[in-house]
Each structure stands twice: as C-alpha cells, then as structure tokens.
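Numbering (this note's numbering), first residue to last: 40 to 335.
Scroll down for the structure; my scribbles are underneath it.
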Amino acid sequence: MSHPNWLRLIANIAEKHAGVLGEDATRELQGLAPLYDGPPRIVNLGLLNAGKSSLFNAVLQQPNRLKTGAARTTASTEEVTWGETSALLLDTPGLDALEVDALHAAQSARLQDLVVFVHSLEQGELEMGELEFLDKLAAKGVELSADYCIVVLTKNDRKERVEAEQIVARVVDQWKARLGVSPHPLCVSSQDFLDALAQGRTGRRLEDSGIPELQTWLQTRTNSLSDLREGRIWKKALQCLRRAKRDLVDQLQDLQAEDETRQQRATANRVASHAQAEELFRAVDAKFEELLRCGG
Ligand SMILES: Nc1nc2c(ncn2[C@@H]2O[C@H](COP(=O)(O)OP(=O)(O)OP(=O)(O)O)[C@@H](O)[C@H]2O)c(=O)[nH]1
Ligand SMILES: [Mg+2]
C-alpha cells in the first residue's frame, strides 16, 4: 500500500528534527510507517479458558486448526491466515496465565489493527484482572473503541438468554465506566457454530451462534484496511507529536527557570563581589593610611 502524504511528511519531520523531538518521540514517529504495511492483523485477548482459540477456529471454520482445551492450552501466540485479505489471526495465551503473557499481549495489541476481546459468559461480569489489563492497554495507546475492538462474550450455549443479557448489560457498563467508550458486544457460541457446520446445517443454527456476525465485522474492517489504518496511525502520530510538544514546552520552561536562577545567582555574585571589593578597598586604604603615618 502506498503511504499517505502526511505519513511521509511525519517520517521526514522525525528524521530532520530528531535532536529536538528526542529519542523516544523520534523512534515512535519513525515506527508509524511500517504499521501501514502488511496484511491485516487481528489479535484475540482474554483470560485463560475464555474460548479464544475455539473462537478463532470458528471464524476459520476449521474446528481443529488451533489447539483448545480446559487447561492452559495456548502457551505462546500462534498466527494463522484467514479470509480474502489473508488477515493474520493472532491467537494469544490467556492474559492471566503469567505476568509475562499479559505484558506480551499488551505489547502485541499495540501493533494490531483489530482487537477481539474475549470473555466467557460463564464468568459473569468482567473480573478485576481484566479491567486492570484494559487500563494497561488503553495506557499503551491501544484503540478499544467500537471501531477497532469487539467484545465477544463466548459460551452463549451455557447461559439462558435472560441471564446472558444481564451479563452483557453489566459488561457494557463496566467497559464504559473504565474506558470511557461504548463497546460493541457480541454473544457467540463457537461450539454451536462448529457443531452445526459439522452436521452440514445452514441458516438459523449458524446465524444464531453469532459467528457469522463476527466474521462480517472482521471482514468489513479488513476490507477497508487502509482507511482503518490511516485513522489509527494518524491518531497515534498526533498523540506522539502532542506529547513531544508538551515535553518541549516543559523543557523550555525548565530552561527559563534555570536561566532566571542563573541570572539571580549572577546578580548575587556580583553584589557579593562588589561588597568584597569594597571591603578589600577599605582594608587597603587603611593599610595605606598606616604606611603614610609610619612614613610621616
Ligand atoms: N460450551 C462451550 N464450550 C466452549 C465454547 N468455546 C470454547 N469452549 C470450551 O472452553 C474450553 C476453553 O476453550 P479454548 O478455546 O481452548 O480457550 P482459550 O481461551 O483459548 O484458553 P487458553 O489457550 O488456555 O488461554 C474448551 O474446553 C472449549 O471446548 C463454546 O462456545 N461453548
Ligand atoms: Mg487458547
């Protein structure tokens, strides 16, 4: 994909003004252009056993493509290719498995085009660990608005409709309160979808599983990838430039303050040296008088 003009301009600014922008901002700005290239990247994030791998198997319509199971099944992130755009689906380990997994997940989410946040309806509302993790993602600049992130509530076959609806309403409230944006929630059953597929069923059974809706959500966005990326990268660029500007203003204020202190100190030094000179002068004068008296 050819890069938009503004992205080339930013790369230029980063190169020309690295000294003024500082190392971090320069690195961040130079790292924006590569985000524009390559196939669409879609990451799933969620607790252990949330149904992340099963969900991607359902999206892929391949029941055994990714390993699934009750224990800590996915040990490291696995990439599989999906759909017309050859999007990369990144199946991650549960973010509560190890601290390092959560860090890795947060880091990799920064580089993704779309985030599929996976939460099992069996768990009820979002747990503290998930909310804290969402905070970390937001702090890292991961886009969690409904344009870039879908909140998939899995194992819908295990809950009565009314109870599932109550959980969804609660999750939506938690998401809004925590992140200040409205989520796009979607209830699914990967199991129902894959079972229906294996039995060669079509129509309602497949639709009701929620998986076709997820496929459409992902497909629509990956089809207009350049727009999607442009919006996201532009936002990142602005954030970075604003931060760099704030840092520069802070630095300037520090320098001004330093300068004022230096000037004050210089004046104080001047005053001190003036007083010393006067004292010296008086002493010399006194000595001179004494000499004159002796000599006389
Ligand atoms: N009933 C039901 N069970 C499901 C569904 N999706 C996943 N499961 C089961 O939930 C368990 C965990 O599923 P996984 O897809 O391996 O979960 P995961 O989030 O990838 O787990 P880790 O890789 O360990 O983090 C498995 O036993 C799945 O069979 C579903 O839609 N309905
Ligand atoms: Mg897994």
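Ideal Cβ positions, reconstructed from N, Cα and C, are used throughout, including at glycine.
Fair warning: this is a prediction, and the values are worked out from it, not measured in the lab.
Practice problem: May I ask you to report which of helix, strand or coil DSSP gives T241? | Solution: coil
Self-check item: Any non-hydrogen atom of ligand 2 closer than 7 Å to T113 Cβ
Solution: yes
Quiz item: Within 7 Å: the Cβ of P132 and any heavy atom of ligand 1?
Solution: yes
Practice problem: Decide if R240 is buried, meaning its Cβ has at least 16 other Cβ atoms within 10 Å, or exposed. | Solution: exposed
Practice problem: Just mark K284 as buried or exposed, buried being the case when its beta carbon has 16 or more other beta carbons within 10 Å. | Solution: exposed
Quiz prompt | Whole-number beta carbon distance between G133 and R111, since they are thought to touch under 8 Å | solution = 6 Å
Quiz item: Exposed or buried, what is T107 when buried is set at 16 or more other beta-carbons lying within 10 Å of its beta-carbon?
Solution: buried
Quiz item: Which same chain residues, not among the five before or five after G335, have their C-beta less than 8 Å away from its C-beta?
Solution: Caution applies to G335, whose pLDDT of 45 falls short of 50 and renders its modelled position unreliable; the model cannot decide the point.
Exercise. Following the continuous alpha helix (DSSP H) through V201, name the residue where it begins and the one where it ends.
Key: R200 to L218
Practice problem: State the start and end residues of the unbroken alpha helix (DSSP H) segment that holds P222. | Solution: Counting along the chain, P222 falls outside any alpha helix (DSSP H), and DSSP gives it neither H nor E.
Quiz item: Is the closest heavy atom of ligand 1 to the C-beta of Q254 under 7 Å?
Solution: no
Practice problem: On the DSSP bridge assignment, give the partners of G85 in chain order. | Solution: V157
Practice problem: On a CA-only basis, which of K275, L87 and G270 is nearest A64? Give me that one, please. | Solution: K275
Self-check item: Own chain residues within Cβ distance below 8 Å of D196, not counting five before or after
Solution: S228, Q230 and D231
Quiz item: According to DSSP, which residues form a beta bridge with W121?
Solution: A126
Quiz item: Near Q290, what residues of its chain come up, given a Cβ to Cβ distance below 6 Å and the 5 sequence neighbours on each side ignored?
Solution: none
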